[in-house]
Structures are given as C-alpha cells and as structure tokens.
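This report concerns only the one structure given below.
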Amino acid sequence: MASSQPVKPPLAGQPAQAQRGSQTGLKYPSSGKTIYNRPLNRSRTQELSQASFAYLFGEMVSYAQKRVTGIQDLEKRLNVQGHPIGLKLLDLLLYREPTRSQTRPLNIIALLQFITTALWRHLFSRPADALEKSSNPETPDEYMISDNEPLVNQYISVPKEMNQLNCAAFVAGIVEGVCDGAGFPARVTAHSVGKGEEGELWPGKTVFLVKFQPEVVEREAYLGKS
Amino acid sequence: MSSFYILQISFPTVDTPQICTVVYALIIINKAGGLVYQRDFTEGLNKLSVNDYLVLAGTFHGVHAITTRLNPLHPPNEPPSGIEVMETEHFRLQCFQTLTGTKFLLFTEPFQPNTDKIVARIYELYADYVMKNPFYSLEMPIRSEGWERRLVREMRVLNSR
C-alpha cells in the first residue's frame, strides 16, 4: 500500500485498486453487493451456535444483575443493553431490503410488521408468533408482539422469588431501539404469560408490550385523516 | 475403561414380554460429595429422609473414591474410573462421572437396556438447562424449572414404553 494514498474504506476490494483515482468518494464492487449486504459469517446456514450465545447471554444477565436494586432495575439494564442493537439493525436491515422497499416504515403497522417479520427473521430465523393491537379503548397506543418460545430464554429458568423477571427484556430493548430509530418513540416491555391453561403448551410464552408515546399516536391519527 | 464393569446378559424380549423396564430415580452428586439433586420417576418407591439422602450421597462419593484406587492391574494410559455399574436382584445402579467430578447415579430396573445412553442424555439436559442458566450457582442444589420439566418428560417417555 502506498503511504501517500488517503485511507479508503475497504468496501471496494481489489477492483477499486485498478481504477484508483478515476472517481472519488466511496467505491462499490461491480456486483453492487457491499459487505453490508450479507452477514460476515459466510457458512452455509449463516447461523451461530446457540450454545455459545446462551453462555454469552447468561453472562450478560449475570452482569446486569450486579448492583441492581430490584427486578425493574435489572430489566431496565437488559433493555438498555439491547437498545443500541435495535438502532443499528434498523439501518442494516433496511439497507438489505430490495431497493424499492428501502424506505423506513412510515406508519405504526408498517413498522410493527417490519419488526415481526424482517427483524425477527434476522435475529431468530422465524417470524414472531402474533401481532395484536390492544383491544382496550383506553390504551390505543399499545400493541402486543407475542413469541411462544423466545430464543434468549431457551435455557433460562427464573427462580420463584424473581418470577416478575423476564430476560427477554433484552429483546424488548432491541425492539425499542428499532422503534426509536424509525422515529416512533416507544416503551417496550417483556411479560411472561405462560401461566394457566395456555402455559401447558408454551410455558415460556412472552408478550412484548409496545407502548408508543402520545405524539406518535397523535401524528398517526392526523396522517390517517388526510 | 473400568475395572468394575459387569457384563450384562441380555434376554431376548420375545421370551420375557412381561418384564417392564423402568427408570426409578436419579441422584446427582457434586464434586465435593454433596447432594445437588434427587428425584424419583415412579410411584411407590421407598423414600429416605432428606438427611439420609445427603448421607447416601456422601457415602457413595467416598466409596467411589476408594474404588478408583482398587485396581490391581495399573492400566498404562487411563486411570480407573471407579464404580460404573452396580447390579442387584431388584435394581441396577448406573454411575456416570463427568470430567469435572459431578456424578450422576441412575437407578433402574435390572433389565433396563442402554442405561449409559440414558445417563448421557440426562447429562446433555443438565449441560443445557442447568449449566446455561444464569441463575444457577455452581455446586448448589438444582432448582430449575426448565430442567425439571424436560427431565420428567424424557423419563416419562422411557417409562411408558
């Protein structure tokens, strides 16, 4: 490498070497596929070991558990750990969409559908199990995403004295990051609902409650009228 | 492998259709000889008091340690593994020791086939649902809902065969 050359991002690879100087700015490979278009892991299934993730996530939970005052605090910390991932994934996943649908979601339903399909597929290789709007007329700003068996909770058994805790608060943080990044500020919390008759089938069932800020609902109503 | 391996004579099932194979109970002993888990899988077994289970675990741990030294042959590579199987008229005890010294004791009916495979499967469940749980502290008694649920389900399938 000539030391006099300015440092270029390694986007273009070899072809760029040949045409150096002929154009300025970022260079793209002739196929149009940059490193952002595919995962760094090029193995056939493009999947990671669930065991190694389980150990990593276990340590993340243990780390978040240090010096917390209560379960709310612990969930908040897990949420904060997930938030930046959501912000970045929104950009990455939109970039990987086909060009015509690359715009960011502009209404709540489009956003939530993006989350339950594109985001869920990217993270867990399957779509979320359900997406519902709150039927309570007093809370029109609430939506629920259900996952029958959250991947992050696969090996986690929460002790009885902490039964309020759901470690999928981390995933809730990712969802919150996506909502915030798309301009729909929201609070997202994870709740275990695998109790009672439904719990027989899906004991780990989790509902992610998405509560949008009032201004989002207001804007949505305004847009809907016009 | 072991100085204590006892050959099991397998009976053709055609001649003995009335013999049912049953997994009776599981005991897990940590590397210090403390009892971390005990569970019965069938009804109507003799019960010990909690204290007696602790004593049983400690005693077995000691006996197992002695048996690892009771080898007249000095095999060149592998140290002796200690008790692996104990057979009696009424039950069969399969012992599996992990590399870290945790011992799994499985009590079955004497004709239960593939007990080593069953213990290996239990070890797998243990590695998944106990060791990967961030709320489990090492060497402590196992109180984990996911482990309990999967273990019982697995054993129920075996016992209902």
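Each protein sequence line maps, in turn, to chains E and F. Just so we're aligned: 209 in the numbering used here is position 194 of the first sequence, and the numbers increase by one with no gaps anywhere. Just so we're aligned: 45 in the numbering used here is position 31 of the second sequence, and the numbers increase by one with no gaps anywhere. Glycine is no exception: its CB is placed at the ideal position from the N, C-alpha and C atoms. Source: prediction; values computed, not measured.
- The alpha-carbon of Gly76 of chain F is positioned some 47 Å away from that of Asn94 of chain E.
- Nearest Cα to Pro200 of chain E within the set E:Gln228, E:Val173, E:Lys175, E:Val208: E:Gln228.
- Under DSSP, Glu153 of chain F shares a beta bridge with no residue.
- With respect to chain E, the C-beta atom of Glu159 of chain F has a partner C-beta closer than 8 Å.
- In this chain, the beta strand (DSSP E) harbouring Ser161 of chain E covers 157 to 162.
- Only those residues of the segment 123 to 151 of chain F whose C-beta falls short of 7 Å from the nearest C-beta of chain E are listed: Asp142, Tyr143, Lys146, Asn147, Pro148, Phe149.
- Glu147 of chain E is classed as exposed because its beta carbon has fewer than 16 other beta carbons within 10 Å across all chains shown.
- Exposure of Asp130 of chain F is indicated by the presence of fewer than 16 other C-beta atoms within 10 angstroms of its C-beta.
- The C-alpha of Pro142 of chain E is placed about 24 Å away from the C-alpha of Glu90 of chain E.
- Annotation: Cβ neighbours of Tyr70 of chain E in chain F (cutoff 7 Å, chain order): Lys146.
- Ranking E:Leu55, E:Leu134, E:Arg92, E:Val232 by CA distance to the CA of Glu153 of chain E puts E:Val232 first.
- Around the beta carbon of Ser207 of chain E, 16 or more other beta carbons sit within 10 angstroms, so the residue counts as buried.
- The DSSP-derived three-state label of Glu90 of chain E is helix.
- A Cβ of chain F is located within less than 8 Å of the beta carbon of Pro174 of chain E.
- With a cutoff of 8 Å on beta-carbon distance, Gly85 of chain E and Gly188 of chain E are scored as not near each other.
- Here the alpha carbon of Asn178 of chain E sits roughly 45 Å from the alpha carbon of Glu103 of chain F.
- By the Cβ-count criterion, Pro165 of chain E is buried, with 16 or more other Cβ atoms from all chains shown falling within 10 Å of its own Cβ.
- Ala145 of chain E places its beta carbon 8 Å or farther from that of Val167 of chain E.
- Lys117 of chain F carries a strand assignment under DSSP once its states are collapsed to helix, strand and coil.
- Pairwise C-beta distances place the segment 162 to 171 of chain F out of contact with the segment 67 to 76 of chain F, as fewer than three of them are shorter than 8 Å.
- In this structure Glu92 of chain F is exposed. Its beta-carbon is surrounded by fewer than 16 other beta-carbon atoms within 10 angstroms.
- Residue contact with chain F for Gly239 of chain E: absent (no Cβ-Cβ distance below 8 Å to any residue of chain F).
- Ranked by Cα distance from Val36 of chain F, the options F:Leu152, F:Pro124, F:Pro148, F:Glu162 are led by F:Pro124.
- Contact check for Tyr143 of chain F and Phe118 of chain F: beta-carbon distance about 14 Å, past the 8 Å limit, so the pair fails to qualify.
- Among the residues facing chain F, Gly97 of chain E is not included, as its CB has no counterpart in that chain under 8 Å away.
- Within the DSSP bridge table, the entry for Lys148 of chain E names E:Tyr158 as partners.
- In terms of CA proximity to Gly47 of chain E, E:Thr114 leads the group E:Asn163, E:Thr221, E:Thr114.
- The C-beta of Gly198 of chain E comes no closer than 8 Å to any C-beta of chain F.
- In summary, the residues of the segment 72 to 88 of chain E whose CB is separated from some CB of chain F by less than 7 Å are Gly73, Val76, Ser77, in the order they occur in the chain.
- At least one C-beta of chain F is nearer than 8 Å to the C-beta of Ile171 of chain E.
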